[in-house]
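Chemist:
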Amino acid sequence: MESRKRPLIDAEDSVVTKKRILTGMNGSPHVNGTSEDDEEEGFREKLETYRKEAIYRRMQHYSRENERSQARIRDLEHRKSTCEAGLTAIAACWSQLVETIRLFVKTDDIPTVSIHAKEIFDLTSRIEEESLPELAAALSDTVNATQALVTKFVQLDESNRIKVYANEAFPECQQAQTECALLRSEVKLLRTQLKESEALREQYHHHLVSAESRLERSHSTIVRELESKAKIKEKEEMDDKEEVLGKPPSPAPSPVSPAPIQPSNGIIDIPTEIQILGEQLKERDTRINGLEKEVLTLKQEKLVMEVEEKTPNYEQAHQNPYFKALLDHVTWYEAEEKKNYEQVQRAQEDSHQYRQQLTEREEKFNKTVKTIADLTNKLIEKRDENARLRTTRNQLEAENRERKAIEGMRFSSLQELKGLTDSNSERISALQSELKRCKSKLAANAGSKDLLDFFLAGNHDENVFFQKLREENKRLVDRVAALERVFSSIDPEHPDLGRHVRAEADALEQLAKANEELVEYRRVFGGASEHPADGKRLAEELRLKDTEVQQLRLSAKELEENQSSIYTELDQLAAQWEALDKQVKSKVFNLQNLEDRLQKSYIEKAKAETKYYEAIKTHQALDTERKLMQKDLEVESKLRTTAAEAAKKTNQLNNALESENLALKKTSTSFQQTLKNTEKKLADVEANLEAERKRLQELANAIRSKEGHFIDLRIKSDRDKDELIRQRREVERQLERVKEAEGHKSHNKPSLVESELSNLRSLLQCTTCRGPPRSIIITKCMHTFCKSCIDTRLATRQRKCPACNIPFGASDVHQFFLQ
Numbered sequence: 001m002e003s004r005k006r007p008l009i010d011a012e013d014s015v016v017t018k019k020r021i022l023t024g025m026n027g028s029p030h031v032n033g034t035s036e037d038d039e040e041e042g043f044r045e046k047l048e049t050y051r052k053e054a055i056y057r058r059m060q061h062y063s064r065e066n067e068r069s070q071a072r073i074r075d076l077e078h079r080k081s082t083c084e085a086g087l088t089a090i091a092a093c094w095s096q097l098v099e100t101i102r103l104f105v106k107t108d109d110i111p112t113v114s115i116h117a118k119e120i121f122d123l124t125s126r127i128e129e130e131s132l133p134e135l136a137a138a139l140s141d142t143v144n145a146t147q148a149l150v151t152k153f154v155q156l157d158e159s160n161r162i163k164v165y166a167n168e169a170f171p172e173c174q175q176a177q178t179e180c181a182l183l184r185s186e187v188k189l190l191r192t193q194l195k196e197s198e199a200l201r202e203q204y205h206h207h208l209v210s211a212e213s214r215l216e217r218s219h220s221t222i223v224r225e226l227e228s229k230a231k232i233k234e235k236e237e238m239d240d241k242e243e244v245l246g247k248p249p250s251p252a253p254s255p256v257s258p259a260p261i262q263p264s265n266g267i268i269d270i271p272t273e274i275q276i277l278g279e280q281l282k283e284r285d286t287r288i289n290g291l292e293k294e295v296l297t298l299k300q301e302k303l304v305m306e307v308e309e310k311t312p313n314y315e316q317a318h319q320n321p322y323f324k325a326l327l328d329h330v331t332w333y334e335a336e337e338k339k340n341y342e343q344v345q346r347a348q349e350d351s352h353q354y355r356q357q358l359t360e361r362e363e364k365f366n367k368t369v370k371t372i373a374d375l376t377n378k379l380i381e382k383r384d385e386n387a388r389l390r391t392t393r394n395q396l397e398a399e400n401r402e403r404k405a406i407e408g409m410r411f412s413s414l415q416e417l418k419g420l421t422d423s424n425s426e427r428i429s430a431l432q433s434e435l436k437r438c439k440s441k442l443a444a445n446a447g448s449k450d451l452l453d454f455f456l457a458g459n460h461d462e463n464v465f466f467q468k469l470r471e472e473n474k475r476l477v478d479r480v481a482a483l484e485r486v487f488s489s490i491d492p493e494h495p496d497l498g499r500h501v502r503a504e505a506d507a508l509e510q511l512a513k514a515n516e517e518l519v520e521y522r523r524v525f526g527g528a529s530e531h532p533a534d535g536k537r538l539a540e541e542l543r544l545k546d547t548e549v550q551q552l553r554l555s556a557k558e559l560e561e562n563q564s565s566i567y568t569e570l571d572q573l574a575a576q577w578e579a580l581d582k583q584v585k586s587k588v589f590n591l592q593n594l595e596d597r598l599q600k601s602y603i604e605k606a607k608a609e610t611k612y613y614e615a616i617k618t619h620q621a622l623d624t625e626r627k628l629m630q631k632d633l634e635v636e637s638k639l640r641t642t643a644a645e646a647a648k649k650t651n652q653l654n655n656a657l658e659s660e661n662l663a664l665k666k667t668s669t670s671f672q673q674t675l676k677n678t679e680k681k682l683a684d685v686e687a688n689l690e691a692e693r694k695r696l697q698e699l700a701n702a703i704r705s706k707e708g709h710f711i712d713l714r715i716k717s718d719r720d721k722d723e724l725i726r727q728r729r730e731v732e733r734q735l736e737r738v739k740e741a742e743g744h745k746s747h748n749k750p751s752l753v754e755s756e757l758s759n760l761r762s763l764l765q766c767t768t769c770r771g772p773p774r775s776i777i778i779t780k781c782m783h784t785f786c787k788s789c790i791d792t793r794l795a796t797r798q799r800k801c802p803a804c805n806i807p808f809g810a811s812d813v814h815q816f817f818l819q
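Using the UniProt record's numbering, the first residue of the sequence shown is number 1, and each one after it goes up by one.
1. Would you identify the three-state DSSP class for residue 816, choosing helix, strand or coil?
2. Any idea what DSSP makes of residue 343, helix, strand or coil?
3. What is the rounded straight-line gap between the Cα of residue 393 and the Cα of residue 373?
4. Should residue 40 go down as buried or exposed, given a rule of 16 or more other Cβ atoms within 10 Å for buried?
5. Specify whether the stretch 338 to 357 and the stretch 600 to 619 touch according to this definition: at least 3 beta carbon pairs, one from each stretch, less than 8 Å apart.
6. Which class does residue 784 belong to by DSSP, given the choice of helix, strand or coil?
7. Residue 789 and residue 775 look like a contact to me (Cβ under 8 Å); what is the Cβ gap, rounded to whole Å?
8. Which residues in the same chain have their Cβ closer than 7 Å to the Cβ of residue 650, if we skip the five residues on either side of it in sequence?
9. Nearest by alpha-carbon distance to residue 369: which of 640, 475, 419, 514 is it?
10. Between the alpha carbons of residue 815 and residue 65, how many angstroms are there, rounded?
11. Between residue 357 and residue 647, what straight-line distance do the alpha-carbon atoms span, to the nearest angstrom?
12. Which value, in whole angstroms, describes the spacing of the CA atoms of residue 43 and residue 809?
13. Apart from the five residues on each side of it in sequence, which residues of its chain come closer than 8 Å, Cβ to Cβ, to residue 336?
14. Closer than 6 Å: is that where the CB of residue 415 sits relative to any heavy atom of the ligand SAM?
15. Mark residue 783 as exposed unless 16 or more other C-beta atoms lie within 10 angstroms of its C-beta, in which case mark it buried.
16. Does the structure place the stretch 288 to 297 close enough to the stretch 703 to 715 that three or more beta carbon pairs sit under 8 Å?
17. Check each candidate in 735, 803, 540 and name the one with the smallest Cα separation from residue 767.
18. Report the rounded CA-to-CA distance for residue 425 versus residue 432, giving the unit in angstroms.
19. List the DSSP bridge partners of residue 800.
20. Since I believe residue 579 is in contact with residue 419 (beta carbons under 8 Å), could you give me their beta-carbon distance rounded to a whole number of angstroms?
21. So which of 697, 758, 290, 423 has the shortest CA-CA distance to residue 572?
22. Are the CB atoms of residue 781 and residue 801 within a distance shorter than 7 Å?
23. Between the C-alpha atoms of residue 734 and residue 760, what's the straight-line distance to the nearest angstrom?
24. As an exercise, report each continuous alpha helix (DSSP H) stretch of at least 4 residues that is fully enclosed by the stretch 413 to 446, in chain order.
25. Straight-line CA distance for residue 440 to residue 434?
26. Throw me the rounded Cβ distance for the residue 213 and residue 78 pair, which I believe falls under 8 Å.
27. Would you decide whether residue 519 is buried or exposed? Buried here means 16 or more other CB atoms lie within 10 Å of its CB.
28. According to DSSP, residue 776 sits in a beta bridge with which residue or residues?
29. With residue 68 and residue 216 assumed to form a contact (beta carbons below 8 Å), what rounded beta-carbon distance in angstroms separates them?
30. Using only CA atoms, which one of 730, 699, 812 lies nearest to residue 186?
31. Please name the residue or residues paired with residue 765 in a DSSP beta bridge.
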């Protein structure tokens, strides 16, 4: 079995001593170790302050960018409000123009459209691009209505037409087109300048941000220390390289640069080289400025040429082939107008004849259609009336049959109910008599004469008998109580009399009991002379016999009374039997009636089917007749439609010819008038063109002067920057020379840079293996080590920090970077 013990550490490996954790002044854990931990703690503090300062600088940068973006947003909102105000003004002008046109036109057949200003919003981005689908979709709602209004306004009668607008439309349109071309060229130029200025602004903004970040970094002490250390390190590296390389070879001579300067003692004369580079930069700047001026002049010449091309003069217009083609079209349209006028006259005469023939045919056709319609209406009315009467008759017959059947069923059920009630009443009476006999028999067997008399009297309820007994008992009790009250009233006054009266009452009661016993005795034994010798036995036998005789007498009396009721019950049963026999016979008769009715219904069904088939045949015959009539009507309607289409085509042809004639007249008159107006206003246009050219030349000169001044300022600023950079580099080189001189003096002593570098290297090296730099951090205790040490800890399951011995997991291990 393999051993689970850890392998032994080789002697060559460095032994890691366990460090104890102590508590510092402020209660935080402090490792008891060497001075390297203090250095590491100082490095951590510097690193933390550097991170905080970097975060602070980044937050300042974000705040500045936020302020700039907020200002930009405010500017854009202001521009948006101005654009919306201009848009509302345009919408108001448009609606006012449409309403003024509606005043001159009858707008009954023109659709009303409300102008939606928000759908036509971004007008500034559509100045150059006129054929955008978005703009067409936004203006589609109002363009049709406006075009309809304008065409209606143009198609007014000659008496109501405003000739001034038609005469002055073309020159004004031409002037507007020239102005639009000028404005568009200016807009293009301004847009190019705007793009260049925006690019420069972005570049300056980028430089400003980088300068601000450098300024913020320069305020940090740690950054200054690091930069000074980096410069010292670079200087040492350069010195080492110079010592290794020695004297460099002289470069080859070039036509641009002067003769190279030989290094003395391994050091090159840098100021002379800087002067040479400065002269080269000056020559390059002059060449760039000349090229920029040439580009500016070429742009201005291009702008002037575009303006001249878009605004031609009178001679160029006459020499233009399009203008000549337009004149040829005018002459051709005039000749075509005459031909079309003659054709229109002939077509009008032919259309008049066709209209007369068409009216005659229409009158005949209308008469025939009216007669056919009247006949079809009468036929439909009669058919509907017959169907209505037939349906009403069938409904009434069905309702009558249903009601008869319902009444017969009701009558039969009523008779059956009466028979059942009679039989049930007789049965109830028989049961009551049977109950009376049973009760009387029970009373006779019990030897109760009073009950037997009660039941034989016709009483059926025993409660009545017991109620009578209770009443008799109550009456006797009340009488005894009354006598007791009388005796109690007599006792105080005459005690002897009361005592004698009670004694007399007791004696009378005993006498009544003795009389009853004597009567009973005499009834059983007879007189005193009839007693035999064995009197006691005989008396008992006689008493039993007497009770038996008494019961027999009562039962005999009960039988005599019940014989009559038995005979009546027999009569009732016979009557019930006869009634049941009658009911059975009536059911049989009802069944026969149902069979007869079923047979009749079959016969009626067959008759109805024959009638139905006959009705279907008649309906089919009527359908065939209707189809024939419909075909005739369709033929006549087709003839009518063909005639109407022919008339419509002739009307359309006439209208088209008339409209074409009017259009030709309008175009000819408009062209003639426009030619006259153009000849009259040509001088004005040329004068305006010269004035505009002068104004454009002045603007171009002003722009050229401003751009030249701007270029001079930029060149001056570039030169100042270059001079500043040269001076700064010169100062830095002088400082480096001073430091080198001091370093040569103290050559035997270790330099401050070397000590600082050793401290930094010790801070960056891993404290456990003293090998590679730190690259892994444990977030639980914030100690840093190299990757190999942490990987070995994770692999061997010895997951404790080498510095503070705090356990950690794989999720607590992260990689960090120094920047």
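In this text, a Cβ means the ideal position worked out from N, Cα and C, and glycines have one as well.
Modeler: Let me lay it out:
1. For the purposes of this step, residue 816 is taken as residue 816 along the sequence shown, with counting starting at 1. Here residue 816 sits in coil by DSSP.
2. Start at 1 with the first residue of the sequence shown, and residue 343 comes out as number 343. DSSP places residue 343 in helix when its eight states are reduced to three.
3. Here residue 393 corresponds to residue number 393 of the sequence shown, with the count starting at 1. Here residue 373 corresponds to residue number 373 of the sequence shown, with the count starting at 1. Approximately 30 Å between the Cα atoms of the pair.
4. Looking up residue 40 in the sequence shown gives position 40. Burial call: buried.
5. no
6. Against the sequence shown, residue 784 aligns to sequence position 784. Strand, per DSSP.
7. Your numbering for residue 789 matches position 789 in the sequence shown. Your numbering for residue 775 matches position 775 in the sequence shown. Rounded, the Cβ-Cβ distance is 10 Å, inconsistent with contact.
8. Sequence index remark: in the sequence shown, residue 650 carries index 650 (1-based). 351, 354.
9. Mapped onto the sequence shown, residue 369 falls at position 369. For the residues 640, 475, 419, 514, the minimum Cα distance to residue 369 belongs to 640.
10. Mapped onto the sequence shown, residue 815 falls at position 815. Mapped onto the sequence shown, residue 65 falls at position 65. Roughly 31 Å separates the two Cα atoms.
11. In the sequence shown, the residue the question calls residue 357 occupies position 357. In the sequence shown, the residue the question calls residue 647 occupies position 647. Cα-Cα distance, rounded: 10 Å.
12. By one-based count along the sequence shown, residue 43 stands at place 43. By one-based count along the sequence shown, residue 809 stands at place 809. Roughly 25 Å separates the two Cα atoms.
13. Taking the sequence shown and counting its residues from 1, the one referred to as residue 336 is at position 336. Contacts found: 664.
14. This structure lacks the ligand SAM, and indeed carries no ligand of any kind.
15. For this step, residue 783 is matched to residue 783 along the sequence shown. It counts as buried.
16. yes
17. The residue labelled residue 767 in the question sits at position 767 within the sequence shown. The residue with the shortest Cα to Cα distance from residue 767 is 803.
18. Counting from one through the sequence shown, the residue named residue 425 turns up at place 425. Counting from one through the sequence shown, the residue named residue 432 turns up at place 432. Going from the Cα of residue 425 to the Cα of residue 432 covers about 11 Å.
19. Along the sequence shown, read from residue 1 onward, the residue named residue 800 stands at position 800. DSSP, once it has assigned bridges, lists 807 as partnering residue 800.
20. Residue numbering aside, residue 419 sits at position 419 when the sequence shown is read from its first letter. Residue numbering aside, residue 579 sits at position 579 when the sequence shown is read from its first letter. About 6 Å; that satisfies the 8 Å criterion.
21. Mapped onto the sequence shown, residue 572 falls at position 572. The shortest C-alpha separation from residue 572 is found at 423.
22. Here residue 801 is taken as the residue at index 801 of the sequence shown, counted from 1. Here residue 781 is taken as the residue at index 781 of the sequence shown, counted from 1. Yes; because the gap between Cβ atoms is below 7 Å, this pair is in contact.
23. One-based indexing of the sequence shown puts residue 734 at position 734. One-based indexing of the sequence shown puts residue 760 at position 760. Spanning the two alpha carbons is a distance of roughly 27 Å.
24. none
25. In the sequence shown, counting from the first residue as 1, residue 440 sits at position 440. In the sequence shown, counting from the first residue as 1, residue 434 sits at position 434. Cα-Cα distance, rounded: 10 Å.
26. Residue mapping note: residue 213 aligns to position 213 of the sequence shown, counting from 1. Residue mapping note: residue 78 aligns to position 78 of the sequence shown, counting from 1. With 8 Å as the limit, residue 213 and residue 78 do not qualify as a contact, their Cβ atoms being about 31 Å apart.
27. Translated into positions along the sequence shown, residue 519 becomes position 519. Residue 519 should be labelled exposed.
28. Indexing the sequence shown from 1 puts residue 776 at position 776. According to DSSP, residue 776 bridges with 785, 815.
29. Along the sequence shown, one-based indexing puts residue 68 at 68. Along the sequence shown, one-based indexing puts residue 216 at 216. Actually they do not touch by this definition, with Cβ atoms about 17 Å apart.
30. Here residue 186 refers to the residue found at position 186 when the sequence shown is read from its first residue. Taking only the C-alpha atoms, the option nearest residue 186 is 699.
31. Mapped onto the sequence shown, residue 765 falls at position 765. Note: residue 765 sits in a beta bridge opposite 773.
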